[in-house]
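Read through the structure below, which is laid out as structure tokens, and then see the notes.
Protein chains: 2
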Amino acid sequence: MLTQPTLLLDKAKCLSNIERMAQKALKANVTFRPHFKTHQSAEVGSWFRAYGVDCITVSSVKMALYFANNGWTDITIAFPANILEWSTINELAAKINLNIVVESAETIHYLEKQLTNPVGTYIKTDTGYGRTGVAAEDYGTMQQLLKELKSCKNLIFIGFLCHAGHTYNTQSRDEILTIMESSRQQLLALKTFMSNDFPLIQLSYGDTPSCSVSDNFEGFDEIRPGNCVFYDDMQTRIGSCHQDDIAVALACPVVAKHPERLEVIVHGGAVHLSKDVMSINNQPHFGTVLPLMENKWLVNQPLGYVAKLSQEHGIIKMPQQAFDKVKIGDMLAVLPVHSCLTANLMKAYQSTDGSVISMMV
Amino acid sequence: MLTQPTLLLDKAKCLSNIERMAQKALKANVTFRPHFKTHQSAEVGSWFRAYGVDCITVSSVKMALYFANNGWTDITIAFPANILEWSTINELAAKINLNIVVESAETIHYLEKQLTNPVGTYIKTDTGYGRTGVAAEDYGTMQQLLKELKSCKNLIFIGFLCHAGHTYNTQSRDEILTIMESSRQQLLALKTFMSNDFPLIQLSYGDTPSCSVSDNFEGFDEIRPGNCVFYDDMQTRIGSCHQDDIAVALACPVVAKHPERLEVIVHGGAVHLSKDVMSINNQPHFGTVLPLMENKWLVNQPLGYVAKLSQEHGIIKMPQQAFDKVKIGDMLAVLPVHSCLTANLMKAYQSTDGSVISMMV
Numbered sequence: 003m004l005t006q007p008t009l010l011l012d013k014a015k016c017l018s019n020i021e022r023m024a025q026k027a028l029k030a031n032v033t034f035r036p037h038f039k040t041h042q043s044a045e046v047g048s049w050f051r052a053y054g055v056d057c058i059t060v061s062s063v064k065m066a067l068y069f070a071n072n073g074w075t076d077i078t079i080a081f082p083a084n085i086l087e088w089s090t091i092n093e094l095a096a097k098i099n100l101n102i103v104v105e106s107a108e109t110i111h112y113l114e115k116q117l118t119n120p121v122g123t124y125i126k127t128d129t130g131y132g133r134t135g136v137a138a139e140d141y142g143t144m145q146q147l148l149k150e151l152k153s154c155k156n157l158i159f160i161g162f163l164c165h166a167g168h169t170y171n172t173q174s175r176d177e178i179l180t181i182m183e184s185s186r187q188q189l190l191a192l193k194t195f196m197s198n199d200f201p202l203i204q205l206s207y208g209d210t211p212s213c214s215v216s217d218n219f220e221g222f223d224e225i226r227p228g229n230c231v232f233y234d235d236m237q238t239r240i241g242s243c244h245q246d247d248i249a250v251a252l253a254c255p256v257v258a259k260h261p262e263r264l265e266v267i268v269h270g271g272a273v274h275l276s277k278d279v280m281s282i283n284n285q286p287h288f289g290t291v292l293p294l295m296e297n298k299w300l301v302n303q304p305l306g307y308v309a310k311l312s313q314e315h316g317i318i319k320m321p322q323q324a325f326d327k328v329k330i331g332d333m334l335a336v337l338p339v340h341s342c343l344t345a346n347l348m349k350a351y352q353s354t355d356g357s358v359i360s361m362m363v
Numbered sequence: 003m004l005t006q007p008t009l010l011l012d013k014a015k016c017l018s019n020i021e022r023m024a025q026k027a028l029k030a031n032v033t034f035r036p037h038f039k040t041h042q043s044a045e046v047g048s049w050f051r052a053y054g055v056d057c058i059t060v061s062s063v064k065m066a067l068y069f070a071n072n073g074w075t076d077i078t079i080a081f082p083a084n085i086l087e088w089s090t091i092n093e094l095a096a097k098i099n100l101n102i103v104v105e106s107a108e109t110i111h112y113l114e115k116q117l118t119n120p121v122g123t124y125i126k127t128d129t130g131y132g133r134t135g136v137a138a139e140d141y142g143t144m145q146q147l148l149k150e151l152k153s154c155k156n157l158i159f160i161g162f163l164c165h166a167g168h169t170y171n172t173q174s175r176d177e178i179l180t181i182m183e184s185s186r187q188q189l190l191a192l193k194t195f196m197s198n199d200f201p202l203i204q205l206s207y208g209d210t211p212s213c214s215v216s217d218n219f220e221g222f223d224e225i226r227p228g229n230c231v232f233y234d235d236m237q238t239r240i241g242s243c244h245q246d247d248i249a250v251a252l253a254c255p256v257v258a259k260h261p262e263r264l265e266v267i268v269h270g271g272a273v274h275l276s277k278d279v280m281s282i283n284n285q286p287h288f289g290t291v292l293p294l295m296e297n298k299w300l301v302n303q304p305l306g307y308v309a310k311l312s313q314e315h316g317i318i319k320m321p322q323q324a325f326d327k328v329k330i331g332d333m334l335a336v337l338p339v340h341s342c343l344t345a346n347l348m349k350a351y352q353s354t355d356g357s358v359i360s361m362m363v
């Protein structure tokens with residue numbers, strides 16, 4: 003019996019999400035290199051094997067170590083290489099096929115000097131997200147970095163890696179497809195420009211919204227969606243998935259009710275859900291609340307939404323009818339706004355078949 | 003040598019924060035029952051012993067178990083009692099002096115029926131924060147709950163417990179003191195109203211801003227500040243502490259620089275700092291960035307601030323002069339906006355003397 007905040011994982015939905023993306027990649031003839039930062043779990047990771055996945059993406063050296071220790075032998079760390087961790091990178095590169103991401107001459111010089119084992123190397127390329135990476139149009143910097151990489155013995159240039167994270171700021175499939183198309187054109191132009199000197203350049207493309215709404219991966223060599231393993235409230239809002247595809251929900255006990263303001267208090271706060279938030283009708287929204295039957299949540303029957311979070315409290319707003327049905331001691335399900343951050347906080351899943359699934363510590 | 007995101011803890015500052023609050027409570031003749039949800043660490047908890055602390059506050063049954071297993075024998079769970087966890091509450095109550103918080107007749111009935119061991123019981127009282135609890139002016143509900151409690155064998159009524167969390171929405175000492183005074187008056191009036199039937203009512207008062215800026219605890223029997231063990235960027239902003247009092251900082255490696263927009267990218271994201279945010283000059287602010295010398299951060303020499311966070315990336319904005327000094331591979335210190343959530347994510351501290359301090363898992 004569930005008695006405290008518990009992250010439920012519906013394995014059937016999760017497998018179906020994995021299968022859908024794997025099939026899509028297969029059909030489009032691109033490599034599916036899923037980002038494992040969402041689930042951070044050796045067991046969930048192992049489920050991808052049945053769908054032909056043998057290479058993965060992670061977001062830190064620590065996570066690369068964890069999955070390497072769990073049998074993965076082809077890993078890309080899709081985060082600007084941290085030169086202070088060169089020695090762990092070097093050790094890992096001796097054991098597995100390790101790829102890193104660079105975006106400055108300083109990093110290239112330093113790592114080339116320190117490393118004794120070859121690492122595949124991508125240039126982090128920014129197609130408009132504006133978080134980090136070299137702007138795709140900045141051919142001057144690109145040429146300079148490629149010149150540096152050409153003279154490297156241990157940094158083996160592979161191609162350009164892009165995460166079009168600005169798809170997360172959209173609210174429709176059309177907007178996502180526009181961003182994806184613009185990213186594709188920028189990356190292809192860059193590849194063409196460099197193709198005389200580097201005829202084998204590969205293009206690695208990321209982000210769950212793009213890969214979920216599009217089937218057209220022309221020009222790309224691999225795709226790296228991660229969140230699609232679980233999806234979440236935000237992805238539903240963007241249009242990447244249906245609510246029924248979401249594979250995780252936080253079970254929360256009801257501890258108090260406030261009829262005068264139609265608010266229900268659950269044990270389920272910022273240390274469970276994270277403070278990631280959406281704005282819906284100009285109101286903060288920390289997750290959609292659904293009924294929970296045993297350990298299955300009922301989709302498309304929203305009871306309300308999480309309007310506020312403190313460390314352990316979740317404050318849920320409900321219409322009168324839903325409010326009247328909920329009792330102290332009930333368990334409710336919350337679809338997280340951002341499943342990656344919720345999973346990272348919860349550190350374990352309870353599968354809807356009852357088993358506990360552990361994660362990286 | 004620091005190579006990856008690491009939560010540094012300055013023990014000297016921490017001890018001085020504990021001592022200041024303990025002295026204040028002693029002088030005011032109120033019990034200091036610190037909230038341990040901020041540090042969640044048996045070792046940090048043990049430091050309070052030297053200042054005469056022998057009773058504590060926690061925010062979940064799980065945390066009560068952890069500290070009970072680490073030698074604490076007088077614990078208040080300052081969160082509306084979760085009736086589904088009655089059996090653990092009952093086991094704990096057999097071993098230690100356990101206090102719980104209730105705010106509904108349903109919870110009182112259920113627990114009285116299930117428990118076989120006595121637990122101290124507070125009524126959660128809302129003096130205007132509006133999160134949860136019975137409104138201090140709602141004498142009708144209060145009388146009803148007290149009547150229920152009077153007939154209980156195992157729920158032993160102690161008094162009213164209040165967390166005036168609306169002090170967090172202030173920006174000056176005067177605003178904090180106004181809220182504190184209003185809370186005090188409401189609680190004293192309530193106590194007076196009930197004193198014929200319950201002559202021994204105790205008043206337990208919380209929140210770090212109030213307890214930090216005021217020395218006047220007249221009328222209260224105990225205070226429960228928690229965050230004051232570390233403080234953070236938000237408490238500095240509110241006026242509860244000086245920047246120099248903050249006892250934790252996240253050390254983050256610089257992985258990329260963007261001169262055209264004066265942004266520095268560090269490894270230090272939402273999974274390290276949490277997404278808790280302040281608004282400064284109408285811009286989101288996720289932490290103040292300071293220089294780090296070995297493992298000591300230099301206060302009052304801000305380099306910039308964290309303007310954006312994704313899962314692993316921190317995006318820091320800096321003025322030109324600071325930007326020019328920072329190099330890829332440097333470690334920078336970030337004062338967290340909310341140290342409770344940062345500590346909860348990091349799951350361990352590195353003391354500035356080099357030792358590693360573990361936390362509840």
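Residue numbers (this note's numbering), protein chains in the order written: chain R, 3 to 363; chain B, 3 to 363.
Cβ coordinates follow ideal geometry from the N, Cα and C atoms, glycine included.
Predicted model, so just to flag it, every value in this text is computed and none were measured.
- Separation of Y53/B and N156/R (C-alpha to C-alpha, rounded to the nearest whole angstrom) is 56 angstroms.
- Exclusion of the five residues before and after H340/B leaves D234, M236, S276, D278 as the residues of its chain whose Cβ lies within less than 7 angstroms of its Cβ.
- Cβ atoms of A251/R and L292/R come within 8 angstroms of each other, at about 7 angstroms.
- Under a criterion of Cβ atoms nearer than 9 angstroms, the residues of chain B adjacent to T134/R are, in order, V257, A258, H260, E265, I267, H315, I317.
- Close CB contacts of T180/R within its chain, under the 8 angstroms cut and outside five residues either way in sequence, are absent.
- Per DSSP, the beta-bridge partners of N99/B are D76/B.
- Within chain B, no residue has its beta carbon less than 8 angstroms from that of I20/R; the closest one is some 20 angstroms off.
- Shown here, A30/R sits in a helix according to DSSP, grouped into three states.
- The contact set of F81/R on chain B, defined by CB atoms closer than 8 angstroms, consists of V257, H269, E314, H315 in chain order.
- Around the beta carbon of G289/B, 16 or more other beta carbons sit within 10 angstroms, so the residue counts as buried.
- Assignment of I160/B by DSSP, reduced to helix, strand and coil, places it in the strand class.
- Identification of residues in the segment 54–71 of chain B having a C-beta nearer than 8 angstroms to some C-beta of chain R yields S61, S62, V63, K64, given in sequence order.
- Proximity of the segment 252–265 of chain B to the segment 322–336 of chain B meets the contact definition, three or more beta-carbon pairs being nearer than 8 angstroms.
- The C-alpha of I160/B lies about 6 angstroms from the C-alpha of Q204/B.
- Spanning the alpha carbons of V231/R and S214/B requires a straight line of approximately 45 angstroms.
- Sixteen is the threshold: when 16 or more other Cβ atoms of the shown chains lie within 10 Å of the Cβ of E265/B, as they do, the residue is buried.
- Here T90/B has V63, L67 as same chain residues with Cβ atoms under 8 angstroms from its own Cβ, once five neighbours each way along the sequence are excluded.
- Flagged as an interface residue toward chain B: G331/R, by a C-beta distance shorter than 8 angstroms.
- For the options F200/R, A191/R, A166/R, Y112/R, the alpha carbon positioned closest to that of K149/R is the one of F200/R.
- With a threshold of 8 angstroms between beta carbons, D223/R makes no contact with chain B.
- Of all residues in the segment 345–363 of chain B, only N346, L347, K349, V363 place a beta-carbon less than 9 angstroms from a beta-carbon of chain R.
- Distance from T59/R to F34/R at the Cβ level is roughly 10 angstroms; contact not present, criterion being Cβ atoms closer than 8 angstroms.
- Nearest Cα to F219/B within the set K15/B, A27/B, Q6/B: A27/B.
- Taking each of D128/B, P82/B, S174/B in turn and checking the Cα distance to I267/R, the smallest one comes out for P82/B.
- In the DSSP assignment, V328/B forms no beta bridge with any residue.
- Cβ-Cβ separation between S212/B and T169/B: approximately 5 angstroms, consistent with a contact (criterion under 8 angstroms).
- Counting only runs of 4+ residues, the alpha helix (DSSP H) found wholly inside the segment 99–185 of chain B occupies 107–116, 141–152, in chain order.
- Per DSSP, L311/B is not a residue of any alpha helix (DSSP H); the beta strand (DSSP E) it occupies stretches across 306–311.
- When C-alpha distances from R226/B are compared across T78/B, R22/B, G356/B, S48/B, the shortest belongs to T78/B.
- Within the segment 294–313 of chain B, K310, S312, Q313 place their CB atoms closer than 8 angstroms to a CB of chain R, listed in sequence order.
- Close CB contacts of A96/R within its chain, under the 7 angstroms cut and outside five residues either way in sequence, are with N119 (chain order).
- The C-beta of N198/R comes no closer than 8 angstroms to any C-beta of chain B.
- The CB of Q245/B never comes closer than 7 angstroms to any CB in chain R; the least such distance is about 23 angstroms.
- DSSP places L205/B outside any alpha helix (DSSP H); the residue lies instead in the beta strand (DSSP E), whose first and last residues are 204–207.
- For K115/B, the closest Cβ of chain R is not nearer than 8 angstroms.
- In the structure shown, the three-state DSSP call for L86/R is helix.
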